[in-house]
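S.K.: Numbering (the working numbering), first residue to last: 4 to 154.
Glycine included, every Cβ here is placed at the ideal spot set by N, Cα and C.
If you're wondering where the values come from, they're calculated on a predicted model, not measured in any experiment.
Submitted below is the structure of interest, expressed as structure tokens.
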């Protein structure tokens, strides 16, 4: 099978019923939307093609939707968003790894476990660690984490 490079999704969109599209670097750069990418989404929507906007953001899908609305992405294009944070939230709600967790990550990611704050514990009382990234102020200090996780 030979790989064929295409210049745009419009060259192949008729061959597929659904598309999985990453957000960061494809639809936006964290500050603004890419106008060409927005046109692709609008075109897929107009053609009644299904698409899922995906992100590895450690936040619920609703949180990412709010962010995209602030960037001025049309709400009609936000029907299907799925984030790694949403997958984690579903696991948290089902107690897949236990009930109590220790959150290892920045404060900006606490929306991930909204409504489950009572299950947030110290490392020694947790069933598992929910890691969403570096703690605020400790991005360069791996020894900090080594000492923390020894507990």
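Taking the straight line between their C-alpha atoms, what separation do you get for residue 31 and residue 74?
M.R.: 9 Å
S.K.: How is the alpha helix (DSSP H) around residue 150 delimited, first residue to last?
M.R.: 145-153
S.K.: Where residue 43 and residue 13 are concerned, what is the direct C-alpha to C-alpha distance, given to the nearest angstrom?
M.R.: 8 Å
S.K.: Where do the N-terminal and C-terminal ends of the beta strand (DSSP E) with residue 58 fall, by residue?
M.R.: 53-58
S.K.: Of the choices 116, 111, 127, whose alpha-carbon is the least far from that of residue 138?
M.R.: 111
S.K.: Do the segment 48-63 and the segment 85-96 meet, that is, are 3 or more Cβ pairs less than 8 Å apart?
M.R.: yes
S.K.: Taking a contact to mean a Cβ-Cβ separation below 8 Å, would you say residue 1 touches residue 100 in this structure?
M.R.: Only positions 4 to 154 of the chain appear in this structure, which leaves residue 1 out of reach.
S.K.: Need the endpoints of the alpha helix (DSSP H) that residue 70 sits in, please.
M.R.: First-last of the alpha helix (DSSP H) with residue 70: 64-73.
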